[in-house]
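*Asks:* Numbers 1 to 124, taken from full-length UniProt numbering, label the letters of the sequence shown in order.
By construction, the Cβ of each residue, glycine as well, lies at the ideal position given by its N, Cα and C atoms.
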Amino acid sequence: MAGLRPTRQRVALAELLFGGPHRHVSAEQLHDEASQSRVNVSLATIYNTLHQFHEAGLLREVAVDASRSYFDTDTSDHHHFYVEDEQRMIDIPASSVEFAALPDAPKGMKVSHVDVVIRVRKAQ
1 MAGLRPTRQR VALAELLFGG PHRHVSAEQL HDEASQSRVN VSLATIYNTL HQFHEAGLLR
61 EVAVDASRSY FDTDTSDHHH FYVEDEQRMI DIPASSVEFA ALPDAPKGMK VSHVDVVIRV
121 RKAQ
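#1: Is it right to say residue 128 is buried, meaning 16 or more other beta carbons lie within 10 angstroms of its own, or is it exposed?
#2: Mapping the DSSP letters down to three states, classify serine 67 as helix, strand or coil.
#3: What first and last residue would you give for the alpha helix (DSSP H) that runs through histidine 31?
#4: For glutamate 98, name the three-state secondary structure that DSSP assigns.
#5: Short of 8 angstroms in beta carbon distance, which residues of its chain neighbour leucine 102, apart from the five on each side in sequence? Order them along the chain.
#6: Look up arginine 121 in the DSSP assignment and say whether it is helix, strand or coil.
#7: List the whole-angstrom C-beta distance separating arginine 121 from aspartate 91, where the pair is believed to meet the contact cut-off of C-beta under 8 angstroms.
#8: With distance defined between alpha-carbon atoms, name the residue in Gln87, Phe53, Val83 nearest to aspartate 74.
#9: Under a three-way DSSP split, which group does histidine 113 fall into?
#10: With DSSP run on the structure shown, which of helix, strand or coil describes histidine 22?
#11: Within this structure, are the beta carbons of valine 62 and histidine 51 separated by less than 8 angstroms?
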């Protein structure tokens, strides 16, 4: 499992995450799903596992603000709408977002990824 030791909890969480179509999930959502599936795991373990899966390249982390991140099972190049009213992410194909230019990376660095999050809410 991407160089990670396949513990019972990691395997159970991987089945929940990757057992269906691509999706976006917060740690709290995954914790709720695990509880409903009778997977006994703490929220701290969920956070640790999500970050380990991210570091192993299995998930993409999308930060929507300083206190909330979503983990995306689709690691391909794409962007997101964040529906503020529903706290939900929607994929945007990479080809739908165009940049006229990107700034030069700081000396000794290179751009590894551009992650666009467009915040939306229901129109009145």
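*Replies:* On the basis of the coordinates in this document:
#1: Nothing about residue 128 can be read from this structure; the chain reaches only from 1 to 124.
#2: coil
#3: 27–36
#4: coil
#5: Val111, Val114
#6: coil
#7: Not a contact, Cβ separation roughly 18 angstroms.
#8: Phe53
#9: coil
#10: coil
#11: no
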